[in-house]
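Chemist:
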Amino acid sequence: MDVIRTVDQLQRVASRYHGYLWTLAFAGLGTGFRNQLDPGDLVQATLVRAIESFDQFGGGDERTLLAWLRAILTHVLLDEHRRLHRGKRNIELEQQALSQCVDKSAAGLEAWLAAEQTSPSQAATRSEQLLRLADALAHLPDDQRQAVVLKYLQGRDLQSIANEMARTVPAVAGLLRRGLTQLRELLPEE
Numbered sequence: 000m001d002v003i004r005t006v007d008q009l010q011r012v013a014s015r016y017h018g019y020l021w022t023l024a025f026a027g028l029g030t031g032f033r034n035q036l037d038p039g040d041l042v043q044a045t046l047v048r049a050i051e052s053f054d055q056f057g058g059g060d061e062r063t064l065l066a067w068l069r070a071i072l073t074h075v076l077l078d079e080h081r082r083l084h085r086g087k088r089n090i091e092l093e094q095q096a097l098s099q100c101v102d103k104s105a106a107g108l109e110a111w112l113a114a115e116q117t118s119p120s121q122a123a124t125r126s127e128q129l130l131r132l133a134d135a136l137a138h139l140p141d142d143q144r145q146a147v148v149l150k151y152l153q154g155r156d157l158q159s160i161a162n163e164m165a166r167t168v169p170a171v172a173g174l175l176r177r178g179l180t181q182l183r184e185l186l187p188e189e
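0 is the number of the first residue of the sequence shown in numbering that gives the first Met the number 0; add one for each residue after it.
#1: Taking 7 Å as the cut-off, is the C-beta of Arg69 nearer than that to any heavy atom in the ligand GDP?
#2: Three Cβ pairs or more, each shorter than 8 Å: is that satisfied between the region 30 to 48 and the region 58 to 67?
#3: Which of the three DSSP states is assigned to Gly59 in this structure?
#4: Evaluate Val171 with the Cβ neighbour count: other Cβ atoms within 10 Å of its Cβ, from every protein chain shown; 16 or more gives buried, anything less gives exposed.
#5: For the alpha helix (DSSP H) containing Ser235, name the first residue and the last one.
#6: With contact counted as at least three CB pairs below 8 Å, one residue from each stretch, are the region 47 to 59 and the region 164 to 182 in contact?
#7: Output needed for Ala161: all residues of its chain with C-beta closer than 8 Å, excluding positions within five of it in sequence on either side, in chain order.
#8: Report back the beta-carbon spacing between Arg144 and Phe25 to the nearest angstrom; my notes put them in contact at under 8 Å.
#9: Residues in its own chain within less than 7 Å of Gln35 by CB, not counting five upstream and five downstream?
#10: Determine whether the Cβ of Leu83 lies closer than 8 Å to any Cβ atom of chain C.
#11: Only counting the same chain, and skipping five residues up and downstream in sequence, which positions put a Cβ closer than 7 Å to that of Leu9?
#12: Just how far apart, CA to CA, sit Pro38 and Leu174?
#13: Ends of the alpha helix (DSSP H) at Ile50?
#14: Would His138 be called buried (16 or more neighbouring beta carbons within 10 Å of its own) or exposed?
#15: Buried or exposed for Thr22, going by 16 or more other Cβ atoms inside 10 Å?
#16: My understanding is that Leu76 touches Gly27, with C-beta atoms under 8 Å, so please give their C-beta distance in whole angstroms.
#17: Which residues in the same chain have their Cβ closer than 7 Å to the Cβ of Val6, if we skip the five residues on either side of it in sequence?
#18: When you compare only the Cα positions, how much space is there between Asp40 and Arg81?
#19: Express the C-alpha separation of Arg176 and Glu163 in angstroms, rounding to a whole number.
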């Protein structure tokens, strides 16, 4: 991937990051917000803010761009959280928690594709795989996606996932199995 230096370049590649940002937005919403906010709307707001504030980016490679987009997404999530919960709150704790959730989910996506990077071409291949995985996750049914995100991106155990989803542990295990099967179908090995 070339270095992004202009807003036109960002606009041309924005669709490439939609699935990645969608997955992180979904993970960042948490159970309490998933019924009130749409991850797609959050991604759209993130990309609009990125284009509007591109002069603050300063250019960089794909890794730098993704980190910048994650930071904007975190701010969009925090703004929506504030809007929905006007009243008593600790904004610093909220921002820290949302930032950690988005960062943990991004790290989880990368860890899922963990492999030693010995060359720039391998790094580029891994980056492409990361974006494909995020797109595939966005195509899973909601319950399967939620179970997969909580287990593999956020590192949660089956019991805590079952509690959050109001399901039994065997039901969550079934969602994970079906979700992983569908991901394998969506991501055939090359």
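Glycine included, each C-beta is placed from N, C-alpha and C at the ideal position. This structure is a prediction, so every number in the text was calculated from the model and none was measured.
Modeler: Looking at the atomic coordinates:
#1: Only the bare structure without any ligand can be found here, which leaves the ligand GDP out of the picture.
#2: The answer is no - the region 58 to 67 does not touch the region 30 to 48, with fewer than three Cβ pairs under 8 Å.
#3: Position 60 of the sequence shown, counting from 1, holds the residue named residue 59. Secondary structure at Gly59: strand, using DSSP grouped into helix, strand and coil.
#4: Sequence index remark: in the sequence shown, residue 171 carries index 172 (1-based). So Val171 ends up on the buried side.
#5: Residue 235 falls outside the range modelled here, since the chain spans only 0 to 189, and no answer is possible.
#6: Counting Cβ pairs under 8 Å, fewer than three are found: no touch.
#7: The residue labelled residue 161 in the question sits at position 162 within the sequence shown. Around Ala161: Thr167, Val168, Ala170, Val171.
#8: Along the sequence shown, one-based indexing puts residue 144 at 145. Along the sequence shown, one-based indexing puts residue 25 at 26. Contact between Arg144 and Phe25 holds: CB atoms are separated by about 7 Å, below the 8 Å threshold.
#9: On the sequence shown, residue 35 is found 36 positions in, with the first residue counted as 1. Within the same chain, Gln35 has close Cβ partners Leu83.
#10: Protein chains in the displayed structure number just one, and chain C is not present.
#11: In the sequence shown, the residue the question calls residue 9 occupies position 10. Ile3, Ala49, Ile50, Phe53, listed in sequence order.
#12: Locating residue 38 in the sequence shown gives position 39, counting from the first residue. Locating residue 174 in the sequence shown gives position 175, counting from the first residue. Between the alpha carbons of Pro38 and Leu174 lies a distance of about 21 Å.
#13: Position 51 of the sequence shown, counting from 1, holds the residue named residue 50. Start and end: 38 to 51.
#14: Your numbering for residue 138 matches position 139 in the sequence shown. So His138 counts as exposed.
#15: For the purposes of this step, residue 22 is identified with residue 23 of the sequence shown, where counting begins at 1. With 16 or more neighbouring CB atoms inside 10 Å of its own CB, Thr22 falls in the buried class.
#16: Against the sequence shown, residue 76 aligns to sequence position 77. Against the sequence shown, residue 27 aligns to sequence position 28. So it is a contact: roughly 5 Å between Cβ atoms.
#17: Position 7 of the sequence shown, counted from the start, is the residue given in the question as residue 6. Non-local beta-carbon contacts of Val6 in its own chain, meaning distances under 7 Å to residues more than five positions away in sequence, involve Ile50, Phe53 in chain order.
#18: For this step, residue 40 is matched to residue 41 along the sequence shown. For this step, residue 81 is matched to residue 82 along the sequence shown. One C-alpha to the other measures close to 16 Å.
#19: Walking along the sequence shown from the start, residue 163 turns up at place 164. Walking along the sequence shown from the start, residue 176 turns up at place 177. Each residue's alpha carbon lies about 18 Å from the other.
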